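Protein chains in written order, with my numbering: chain R, 446 to 706; chain X, 15 to 190.
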């Protein structure tokens, strides 16, 4: 690791936000570099001073009491309104039941939207973070037969790794990532200077879907499901090129164990 | 369980965190109380729509939003004092490490230096060092991406360090 890199990571290191591989590299660098180590000590001392010296302002009791007095009142008012309306309401109950079923359906689809939103956020932030910390790859290989077995034992599923060299997407490696508490496989492809992160995690058996497009923070993302596997591709490639990538991946031959070709 | 009980269980237990953030952003205790009061009432109003898993992040984002909204309307009336980059800018790497650290441990100096930071730097430091939020949580609260959180923290710490270095020098010059 170079000093310039180490300087960029010193805060993430202090805050314990580096992944294990980067932490190790950083530790090695600090061991051998006095200048960076001094820089670290300087930041660490300031951080420690902040933690131990800055006062924590707990909410004043008066504020707590005042809020506690304000909140239940709203609830009570609502309760009174409901009681007052009870007679009228009972007549409308049957109708409400019908509506409730409809609302439940709507809510369910809304929840799905929220889940998808979280997924898009996770995928994009993982992609961006891997670029910032320069942590694109845990296993570096252009060979699908090296990348695929690397995931064995690290995941409870076997990700699809496909060679897209013919379509000018070069496989450069893979890494592990976590979405919403679950491990996912991340494959890294490159086209010119653009990086595509392709995330994979299991879906219900033999489910399929079309391409779903999202944009966040300037990154395009395409999601789809093929043969019981969820895929999400994130990149700063333009929409058309990311579509080319998705189609190329979906149409490419799955990797067979080495030696069968 | 009624809404108030659920709200007390999930949200009100983060009232200290809400007040701490507001107190560090605001000028004084009075402004901080105003901000928290409005934020909590707004949170209660929108609580039915809250489906997330992290009520602390949700509440802190509302507190922050309330603060900046109030500030913006106050500044429209010419009530704020803007941070003056020209006074506090200027890089000086002739750091005096021990003296700076001693100075940082001096609560008064550190508090003054914190107050001189622009709010977007102050808030990341408070969220990180006092609330011990992760980068991801800070990103969610301040509505920026993780890369921005990282660079803001770095810049905030550098700036604080520089400020303490400057005041250390001043104190030294006075002593001579």
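All C-beta atoms, glycine included, are put in the ideal place defined by N, C-alpha and C. None of these values were measured; they are calculated from a predicted model.
| field | Min CB distance residue 510 of chain R to chain C below 8 Å | value | In the structure shown, chain C does not exist; the protein chains are R and X.
| query | In whole angstroms, what separates the C-alpha of residue 633 of chain R from that of residue 687 of chain R? | reply | 13 Å
| task | Sort X/161, X/144 and X/145 by Cα distance to residue 575 of chain R and report the nearest one. | result | X/161
| task | Give the single residue among R/565, R/655 and R/651 whose Cα lies nearest to the Cα of residue 624 of chain R. | result | R/565
| said: Taking only three categories from DSSP, how would you classify residue 645 of chain R? | reply: strand
| field | Residues near residue 657 of chain R by beta carbon distance below 6 Å, same chain, minus five either side | value | 668
| field | is_contact[residue 81 of chain X, chain R] using C-beta, thresh 8 Å | value | no
| Short check: CB of residue 31 of chain X to CB of residue 70 of chain X, under 8 Å? | yes
| request: Measure the Cβ-Cβ separation of residue 452 of chain R and residue 478 of chain R and say whether it is below 8 Å. | output: no
| For the segment 17-31 of chain X, which residues have a beta carbon sitting closer than 7 Å to at least one beta carbon of chain R? | 17, 18, 21, 29 and 30
| Mind checking residue 143 of chain X: buried by the 16 CB within 10 Å criterion, or exposed? | buried
| query | Do you know whose CA, among X/33, X/84, X/178 and X/134, lies nearest residue 501 of chain R's CA? | reply | X/33
| query | Between residue 627 of chain R and residue 665 of chain R, what straight-line distance do the alpha-carbon atoms span, to the nearest angstrom? | reply | 23 Å
| said: In whole angstroms, give me the CA-to-CA distance for residue 150 of chain X and residue 73 of chain X. | reply: 15 Å
| Below 8 Å between beta carbons: does that hold for residue 469 of chain R and residue 489 of chain R? | no
| Same chain only: Cβ atoms within 8 Å of residue 103 of chain X, ignoring 5 sequence neighbours per side | Residue placement at residue 103 of chain X cannot be trusted, given a pLDDT of 37 that sits under 50; the coordinates are not used to answer.
| query | Secondary structure at residue 606 of chain R, three-state DSSP: helix, strand or coil? | reply | coil
| So which residues on chain X does residue 589 of chain R lean against when the C-beta distance must stay under 9 Å? | Ordered by position in chain X, no residue passes the 9 Å Cβ test against residue 589 of chain R, which lies about 30 Å from the chain.
| task | Name the residue from X/140, X/87 and X/81 whose alpha carbon lies nearest to the alpha carbon of residue 44 of chain X. | result | X/81
| task | Spell out the partners DSSP gives residue 621 of chain R in its beta bridges. | result | R/630
| query | For residue 617 of chain R versus residue 637 of chain R, is the C-beta distance shorter than 8 Å? | reply | no
| field | residue 491 of chain R versus residue 23 of chain X: straight-line alpha-carbon distance, rounded | value | 36 Å
| said: Is residue 53 of chain X a contact residue of the ligand NAD, with contact defined as CB to any heavy atom under 7 Å? | reply: Among the components modelled here there is no ligand, and therefore nothing to report on the ligand NAD.
| From what residue to what residue does the beta strand (DSSP E) around residue 658 of chain R run? | 657-661
| query | Would you say residue 171 of chain X and residue 572 of chain R are within 8 Å of each other, going by their C-beta atoms? | reply | no
| query | Around the C-beta of residue 642 of chain R, are 16 or more other C-beta atoms found within 10 angstroms, so that it is buried, or is it exposed? | reply | buried
| What span of residues does the alpha helix (DSSP H) with residue 685 of chain R cover, start to end? | 684-696
| Helix, strand or coil: how does DSSP classify residue 502 of chain R here? | coil
| query | How about residue 85 of chain X: is its C-beta nearer than 8 Å to some C-beta of chain R? | reply | no
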